[in-house]
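If you're matching positions, the sequence shown starts at 1 in full-length UniProt numbering and goes up one per residue.
See below for the structure under consideration.
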Amino acid sequence: MKRTWKGYLFAGPLLLGFLLFYVLPFGQVVWDSLSQGTGKSQLFVGLENYSRMFQNDMFRMAFGNTMGFLGIGLPVILLLSYGLALFLKRQARRFQLLRTVFLLPYVMPVAGTVLLVDLLFSREGLVNQLFLTLGLPLADWLQSPAAFWVMLILYLWKSTGYAVVLLLAGLMAIPPDHYAVAQVEGAGRWQAFRYITMPQMWYALFIAFVFSLINAFKCFREIFLVGGEHPHPSVYMLQHFINNSFENLNYQRLSVASVLLFLVLTLVLGACALWVLRKEAART
């Protein structure tokens, strides 16, 4: 019993901090999304703010761009990093060196990343200089629909290495005996991958998915510094909408957007987690 109370005593400050700095503020955000006004004049209006939000053109554009960015970027980064991890598995002895190399873009400062983007894709950047040499028409990469693909390439370049390291660690955790037995039984490479590698990689893939999702939202820093508060419409993201709502002191609109984003992410992550748990249950 004393040990139990000691555990609660040690966990108490952490739980109290979580309650004060996460749960209560989020509860206030939910309340603001369901009300109008501020302070004592705040009145409950139900889902009226949500109804107005779905009629807001800027929100719909920001939501569509964000979901499009995630819908393209996440599958590509998982497939690319998984393929690289499988290819590099044979270099397991050089894991420390490979980890350093692949994490270099991830740990690169935001300012350096923005300068690199400007060096490559500005109007006088290296890409346009190459186009000029080849006799191709110049493009305004950062102020045209191409800006979406530039930011997507930036995300893949910056975050793929982190996912590779996570998946490579998962591959290295698979006991070599499993592959040895499969080889004795006459299994080919595809069969070994399908029946040995994939079933034991679902957790690692889920972790890579979660961190890639987090990194996708962190990529907003670069997008904001490159395009500013009002970038080209193709890269106007939910974070822009939330940030601009905050600057305009429109707390209801900010709160509604935050709650909707939270609900979407919770549903996606919850569905993926349940799917992985079912796969693991079927394997065991």
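All C-beta atoms in this analysis are idealised placements derived from N, C-alpha and C, irrespective of residue type, glycine included.
- Of Pro13, Leu274, Ile77 and Pro233, the smallest CA-CA separation from Leu156 is found for Ile77.
- Assigned with DSSP and collapsed to three states, Ser245 falls in helix.
- Here the alpha carbon of His232 sits roughly 7 Å from the alpha carbon of Ala147.
- Where Pro25 is concerned, the enclosing alpha helix (DSSP H) starts and stops at Leu24 to Ser33.
- Each residue's CA atom was taken as its position, placing Ile153 and Ile223 some 12 Å apart.
- Between the alpha carbons of Ala182 and Lys279 lies a distance of about 21 Å.
- In the DSSP assignment, Ser159 falls within the unbroken alpha helix (DSSP H) covering Ala146 to Met172.
- Burial state of Gly83 is exposed, judged by a 10 Å Cβ sphere holding fewer than 16 other Cβ atoms.
- Counting along the chain, the unbroken alpha helix (DSSP H) around Gly68 starts and ends at Asp57 to Leu88.
- When the five nearest sequence neighbours on each side are left out, the beta carbons in the same chain lying within less than 6 Å of the beta carbon of Tyr251 are those of Asp32, in order along the chain.
- In the three-state scheme derived from DSSP, where H, G and I count as helix and E and B as strand, Gln42 is classed as coil.
- In the structure shown, Gln143 adopts coil according to DSSP, grouped into three states.
- By the 16-neighbour rule on beta-carbons within 10 angstroms, Ile214 is exposed.
- Less than 7 Å separates the beta-carbon of Leu166 from that of Ala208.
- DSSP places His178 in the uninterrupted alpha helix (DSSP H) bounded by Pro176 to Val184.
- Using a 10 angstroms sphere on the CB of Gly135, the tally of other CB atoms stays under 16, which defines it as exposed.
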